[in-house]
Amino acid sequence: MAAEKKAGLTRRDLIKSVGLGGLAVAGLGLGAGRAMAAGEPEKAAPGPMPTRKLGKTGLEVSILNLGGMFDTINNQLLLKQALAWGVNFWDTAEAYGNGMSEEGFGRFFARNPEARKQIVLTTKLVPKGGRFDERLDAALARLKTDYVDIFYVHGISGIAEMDGQMRDWAAAKKQAGKIKFFGFSTHANMEDCLIGAAGLDWIDAVMLSYNFRLMHEEKMRRAVAGCAKAGIGVVAMKTQGGGPVKTDSQAELDMAGRFLEKGLTDKQAKLMAVWRNPDIAAACSQMPNLTILSANVAAAREATALALADFEALAVFAAATHGDYCAGCADVCAAALGGDAPVAEVMRAMMYARDYGELALARELYASLPEPLRRDPGALDFSRAEAACPRGLSIAAIMRDAAGLLA
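Per my numbering, the sequence shown runs over residues 1362 to 1768.
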């Protein structure tokens, strides 16, 4: 038992507190445990929601960005409460539920037409399939709005995808009043994408995977700072860096115990670490229920509660567990494999399945990958990719696990 204790907390105490999604919000003054357990949103909560300017757009956005990758149609009360608590930055995409997420937002705007002008609304289209004109119009129809404030090209892996044709399309849609600002999201080769974007004066905003595991790397720091200097609004996503606490890891239990004693969950601390960088305008978070929403709102309102020592503790933890997390450097493994296997996309699918509990989305992404890889991942030799991986990931084992879980 002594080996399981950390600052007076036993393993059982810690699992009880941070398990089930880490929903405790003790110490942050929101009273979420009582109100959310009863399913009743509070009418008001102490303190304002902090905002930051989204680069050269001039938009004032809440530092907490509501990620729409959940059942927005049947969570209208959550959308109403998010706005009441000052979360004015909402994110969705055509790919989320095949348009159902957009439809849920649209239902909210139809019932609350005055809310649309209060919301900075974004949506995204993946490049695959083309027909951006038609698909954007369909997205606007689902959203019950004439325009989106920010349009992202969804999930690019190289800045070459932002070519002259895309620039001209963005300019035409701005002229037509269908989008106000334009940018892209990226899960792979994020640093190179941002560095390239900083040299394009027609990119207004970017969304990238950014968390306590990635923020300390020199190239990432330069990439984010370069975009901020160029006036590009930077939005962080995948901020948890691997999802919930894994209770079979003593390092994670120790880290979670440190923050629990401060009245924070590990999830709140990870968000606060992201907000320490003033170049990050907002952190996008999927908040599918009122309990998680309230915990994240509380963290945003107390964003300065994370001390430098806590920030450094997360950096130490990230270094100690770096072999468990894919950093998205897709060009490295792709080059080692000669383009035979989209390792980063498989990693992303596994992240959705294991860390975020989104098995359906993970299977949808996995199903879009090359059929030979899905049919027999053992037929490929991943040793070159494993040797090249800067984090030493066991890529072959992950590929086998993905085939078993997602095929």
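Glycine included, every Cβ here is placed at the ideal spot set by N, Cα and C.
Being a predicted model, the structure only gives us computed values, none of them experimental.
Would DSSP call residue i helix, strand or coil?
{"i": "K1623", "result": "coil"}
{"i": "S1744", "result": "helix"}
{"i": "W1446", "result": "coil"}
{"i": "L1767", "result": "helix"}
{"i": "I1517", "result": "strand"}
{"i": "E1463", "result": "helix"}
{"i": "E1719", "result": "coil"}
{"i": "E1673", "result": "helix"}
{"i": "W1530", "result": "helix"}
{"i": "A1668", "result": "coil"}
{"i": "A1387", "result": "At A1387, the pLDDT of 35 sits below 50, so the modelled position is not reliable and the matter cannot be decided from this model."}
{"i": "G1603", "result": "coil"}
{"i": "I1593", "result": "coil"}
Could you pull out every residue in the same chain whose Cβ sits closer than 6 Å to the Cβ of residue i, ignoring the five residues on either side in sequence?
{"i": "A1559", "result": "G1587, C1588 and A1591"}
{"i": "F1573", "result": "G1602, K1631, A1634, L1675 and A1679"}
{"i": "L1569", "result": "T1547 and M1551"}
{"i": "G1467", "result": "R1503, L1504 and K1505"}
{"i": "A1584", "result": "E1552, L1555 and I1556"}
{"i": "E1747", "result": "I1756"}
{"i": "A1471", "result": "K1505"}
{"i": "Y1571", "result": "A1597"}
{"i": "L1771", "result": "As displayed, the chain neither begins before 1362 nor continues past 1768, which places residue 1771 out of reach and without an answer."}
{"i": "A1356", "result": "This structure leaves residue 1356 out entirely; the chain is present only between 1362 and 1768."}
{"i": "D1452", "result": "N1426, G1428, G1429, T1483 and C1645"}
By Cβ distance below 7 Å, which residues in the same chain neighbour residue i in space, the five residues on each side in sequence not counted?
{"i": "K1404", "result": "With a pLDDT of 42 at K1404, under the threshold of 50, the predicted position of this residue should be treated as unreliable, though the coordinate-derived value follows. Answer for K1404: no residue qualifies."}
{"i": "F1542", "result": "T1418, D1510, I1511, D1565 and A1566"}
{"i": "E1464", "result": "I1434 and R1503"}
What residue range is occupied by the uninterrupted alpha helix (DSSP H) comprising residue i?
{"i": "C1554", "result": "M1551 to A1558"}
{"i": "T1652", "result": "L1651 to R1662"}
{"i": "M1523", "result": "Unbroken run through M1523: none, as it is neither H nor E."}
{"i": "K1590", "result": "E1579 to K1590"}
{"i": "L1420", "result": "Counting along the chain, L1420 falls outside any alpha helix (DSSP H), and DSSP gives it neither H nor E."}
{"i": "R1496", "result": "F1493 to L1504"}
So the beta strand (DSSP E) residue i belongs to, where does it begin and stop?
{"i": "L1569", "result": "A1566 to S1570"}
{"i": "L1482", "result": "V1481 to L1486"}
{"i": "T1547", "result": "I1540 to T1547"}
{"i": "K1414", "result": "T1412 to K1414"}
Using DSSP's beta-bridge definition, name the partner residues of residue i.
{"i": "M1598", "result": "S1570"}
{"i": "K1535", "result": "BP columns for K1535 are empty, so no partner."}
{"i": "L1427", "result": "W1451 and S1646"}
{"i": "V1509", "result": "I1540"}
Using 8 Å for Cβ pairs, my map puts residue i next to residue j. What's the rounded Cβ distance?
{"i": "V1658", "j": "M1410", "result": "7 Å"}
{"i": "S1655", "j": "N1426", "result": "Contact flag wrong, Cβ pair sits at about 16 Å."}
{"i": "F1450", "j": "V1481", "result": "5 Å"}
{"i": "E1719", "j": "Y1713", "result": "4 Å"}
Would the beta-carbon of residue i be found less than 7 Å away from any heavy atom of the ligand ADP?
{"i": "V1509", "result": "By its list of ligands, the structure shown contains no ligand whatsoever, and the ligand ADP lies outside what it can speak to."}
Excluding the five sequence neighbours on either side, which residues of its own chain have a C-beta within less than 8 Å of the C-beta of residue i, listed in chain order?
{"i": "H1515", "result": "A1454, E1455, A1456, K1485, L1486, V1487, P1488, F1545 and S1546"}
{"i": "W1563", "result": "R1528, A1531, A1532 and F1543"}
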